[in-house]
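Structure first, then comments.
Residue numbers (the numbering used here): 67 to 388.
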């Protein structure tokens with residue numbers, strides 16, 4: 067079957083929903099790269115802790131490579147079937163794996179690769195596994211905003227009325243949630259995605275932010291300082307603001323240190339204390355580190371060159387001339 071071959075199409079309101087099959091993982095990646103996927107949606111609206119609008123734009127325009135996955139995502143893939151069956155047992159619903167990609171004529175920039183469909187119900191299922199450190203994010207029936215955005219994206223593209231979210235938290239707790247279709251939310255998200263895709267098509271970046279993801283994307287695009295010095299007059303307002311903010315941060319850090327010292331002085335030899343909702347710990351601890359400099363001095367005949375890791379960095383420094 068040729069790449070991106072449509073399997074089926076169906077009308078849904080004013081939209082044509084098309085299901086597409088790819089021959090292998092590489093073709094799926096190539097297809098997904100042309101659209102905004104569910105896992106991209108939170109980044110578009112600034113709700114992804116690891117991907118910013120700018121870094122996503124850099125990826126979609128081919129300036130930086132996409133995320134290749136890691137051990138956590140690999141484990142998540144292996145856990146997916148277990149979580150799906152756990153959801154089915156707890157809810158009595160029948161789930162069906164879907165290996166097709168959904169496209170919607172109303173949102174030609176979007177794609178949906180969903181985890182499961184709910185048999186006999188106009189609904190889908192998003193499956194997540196996360197570390198136990200995130201357990202507090204699920205207190206009181208809450209769940210992370212990026213999960214919600216992903217489900218809204220899938221309802222927009224597939225046209226389905228409802229989406230379920232099943233989450234395994236640190237292999238300790240299992241929770242599931244129901245998200246009803248909200249057209250106002252869909253309109254807002256799809257509007258943001260459409261605007262973002264215009265940045266991709268026009269090769270113009272979205273506004274820069276101060277996230278680590280944006281910093282890493284800029285460094286990945288410009289890893290070496292092998293060009294001549296340049297005139298940065300246009301950046302003068304940002305530089306003035308940068309210097310002023312650094313000054314304020316220094317003053318605030320000094321004030322915070324003063325508050326810290328007041329508490330420490332009052333605590334004296336105490337290892338902890340609490341008041342008015344604050345819990346303070348100031349306990350003695352120790353750690354052992356290897357003194358490489360001393361070892362080299364005591365063993366001058368040992369060649370340590372093979373044990374050093376060399377890294378290349380670009381240091382950003384601003385000096386204000388008087």
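Ideal placement from N, C-alpha and C gives every residue a C-beta, glycine not left out. Given the structure is predicted, the values throughout are model-derived calculations rather than measurements.
With DSSP as the reference, label residue 176 as helix, strand or coil.
In the chain shown, counting from the first residue as 1, residue 176 sits at position 110. Strand.
Tell whether a beta-carbon distance below 8 Å holds between residue 389 and residue 218.
Outside the displayed span of the chain (67 to 388) sits residue 389, for which this structure offers no information.
Out of 167, 166, 83 and 150, state which residue places its alpha-carbon closest to the alpha-carbon of residue 159.
Sequence index remark: in the chain shown, residue 159 carries index 93 (1-based). Ranking the options by Cα distance to residue 159, first place goes to 150.
Extent of the continuous beta strand (DSSP E) to which residue 232 belongs
Looking up residue 232 in the chain shown gives position 166. Start and end: 228-235.
Give the secondary structure of residue 340 by DSSP, where H, G and I count as helix, E and B as strand, and everything else as coil.
Residue numbering aside, residue 340 sits at position 274 when the chain shown is read from its first letter. Strand at residue 340.
Between which two residues does the alpha helix (DSSP H) containing residue 98 stretch?
Here residue 98 refers to the residue found at position 32 of the chain shown. Where residue 98 is concerned, the enclosing alpha helix (DSSP H) starts and stops at 91-98.
To which residues of the same chain is residue 352 closer than 7 Å at the C-beta, ignoring the five residues directly before and after it?
Residue numbering aside, residue 352 sits at position 286 when the chain shown is read from its first letter. When the five nearest sequence neighbours on each side are left out, no beta carbon in the same chain lies closer than 7 Å to the beta carbon of residue 352.
Excluding sequence positions up to five away, which residues of its chain have a Cβ less than 7 Å from the Cβ of residue 260?
Residue mapping note: residue 260 aligns to position 194 of the chain shown, counting from 1. Cβ neighbours of residue 260 beyond the five flanking positions: 175.
Between the segment 125-135 and the segment 288-295, are three or more C-beta pairs nearer than 8 Å?
With the cut-off at 8 Å, the segment 125-135 and the segment 288-295 do not touch.
Backbone CA spacing between residue 289 and residue 118 [nearest angstrom]:
As a first step, residue 289 is located in the chain shown; it is residue number 223 there, counting from the start. As a first step, residue 118 is located in the chain shown; it is residue number 52 there, counting from the start. Roughly 19 Å separates the two Cα atoms.
What's the call for residue 339, buried or exposed, on a 16-neighbour Cβ count within 10 Å?
In the chain shown, residue 339 corresponds to position 273, counting from 1. Around the beta carbon of residue 339, fewer than 16 other beta carbons lie within 10 angstroms, which makes this residue exposed.
At 3 residues or longer, what runs of the beta strand (DSSP E) sit wholly inside the segment 120-197?
List check, beta strand (DSSP E) in window: 161-163, 167-170, 173-178, 182-184 and 189-196.
Residue 83, DSSP secondary structure in three states:
The residue labelled residue 83 in the question sits at position 17 within the chain shown. The three-state reading of DSSP puts residue 83 in strand, counting E and B together.
Under 8 Å between C-beta atoms of residue 255 and residue 111
Position 189 of the chain shown, counted from the first residue, corresponds to residue 255. Position 45 of the chain shown, counted from the first residue, corresponds to residue 111. Taking 8 Å as the Cβ cut-off, residue 255 and residue 111 qualify as a contacting pair.
Can you tell me whether residue 262 is buried or exposed, with buried defined as 16 or more other CB within 10 angstroms of its CB?
Counting from one through the chain shown, the residue named residue 262 turns up at place 196. Looking at its Cβ environment, which holds 16 or more other Cβ atoms inside 10 Å, residue 262 is buried.
Find the nearest neighbour of residue 195 within the set 331, 317, 139 and 335, judged by alpha-carbon distance.
The residue given as residue 195 occupies position 129 in the chain shown. It is 139.
Strictly by DSSP, which residues pair up with residue 346?
The residue you call residue 346 lines up with position 280 of the chain shown. Bridge partners of residue 346: 339.
By DSSP's criteria, residue 78 is part of a beta bridge. Which residues make up the other side?
Within the chain shown, numbered from 1, the residue matching residue 78 stands at position 12. DSSP output for residue 78 lists 81 as bridge partner(s).
Can you tell me the Cα-Cα spacing of residue 346 and residue 94, whole angstroms?
Position 280 of the chain shown holds residue 346. Position 28 of the chain shown holds residue 94. If you take the alpha carbons of residue 346 and residue 94, they lie about 51 Å apart.
For residue 278, count neighbouring C-beta atoms within 10 Å of its own C-beta (all shown protein chains included) and say buried if the count is 16 or more, exposed if not.
Position 212 of the chain shown, counting from 1, holds the residue named residue 278. Residue 278 is classed as exposed because its beta carbon has fewer than 16 other beta carbons within 10 Å across all chains shown.
By alpha-carbon positions, which one of 84, 85, 124 and 114 ends up nearest to residue 268?
Here residue 268 refers to the residue found at position 202 of the chain shown. Of all alpha-carbon atoms in 84, 85, 124 and 114, the one lying nearest the alpha-carbon of residue 268 is that of 124.
If you reduce the DSSP assignment to three classes, tell me which class residue 290 lands in.
As a first step, residue 290 must be located in the chain shown, where it is residue number 224. Residue 290 falls in the coil class under three-state DSSP.
Does any residue of chain C bring its CB to less than 8 Å from the CB of residue 96?
The structure shown contains no chain C; it holds only a single protein chain.
Express the C-alpha separation of residue 300 and residue 314 in angstroms, rounding to a whole number.
Counted from its first residue, the chain shown places residue 314 at position 248. Counted from its first residue, the chain shown places residue 300 at position 234. Using only the alpha carbons, I get a separation of about 23 Å.
On the DSSP bridge list, what partners appear for residue 252?
In the chain shown, counting from the first residue as 1, residue 252 sits at position 186. DSSP output for residue 252 lists no bridge partner at all.
Beta-carbon within less than 7 Å of residue 144's beta-carbon, same chain only, minus the 5 sequence neighbours each way: which residues are those?
For the purposes of this step, residue 144 is identified with residue 78 of the chain shown, where counting begins at 1. Hits under 7 Å: none found.
Would you mind sorting residue 220 into buried or exposed? The rule is 16 or more other CB atoms within 10 Å of its CB.
The residue labelled residue 220 in the question sits at position 154 within the chain shown. That one is buried.
CB-CB under 8 Å to residue 234, same chain, minus the five flanking residues each way: which ones, in chain order?
Along the chain shown, read from residue 1 onward, the residue named residue 234 stands at position 168. Here the set comprises 145, 148, 149, 152, 194, 195, 196 and 240.
Which same chain residues end up closer than 7 Å to residue 107 when comparing Cβ atoms and leaving out the 5 residues on each side of it in sequence?
As a position in the chain shown, residue 107 is number 41, starting the count at 1. Counting only Cβ-Cβ distances below 7 Å, and skipping sequence neighbours, we find 215, 216, 219, 255 and 259.
Coarse secondary structure for residue 240, derived from DSSP in three states:
On the chain shown, position 174 is the one that residue 240 refers to. In this structure, residue 240 counts as strand in the three-state DSSP scheme.
What residues in its chain sit with their C-beta under 7 Å from that of residue 212, if we drop five residues either side in the sequence?
Here residue 212 refers to the residue found at position 146 of the chain shown. Counting only Cβ-Cβ distances below 7 Å, and skipping sequence neighbours, we find 108, 113 and 114.
Nearest neighbour of residue 223, chosen from 387, 177 and 85 [CA to CA]:
By one-based count along the chain shown, residue 223 stands at place 157. Nearest of 387, 177 and 85 to residue 223, Cα basis: 177.
Helix, strand or coil for residue 376? Go by DSSP, reduced to three states.
What you label residue 376 is simply residue 310 of the chain shown in a count that begins at 1. DSSP places residue 376 in coil when its eight states are reduced to three.
Give me, in chain order, the residues of the same chain whose beta-carbon lies closer than 7 Å to that of residue 370; leave out the 5 immediate sequence neighbours on both sides.
Translated into positions along the chain shown, residue 370 becomes position 304. Closer than 7 Å at the Cβ level, and outside the excluded window around residue 370, lie 362.
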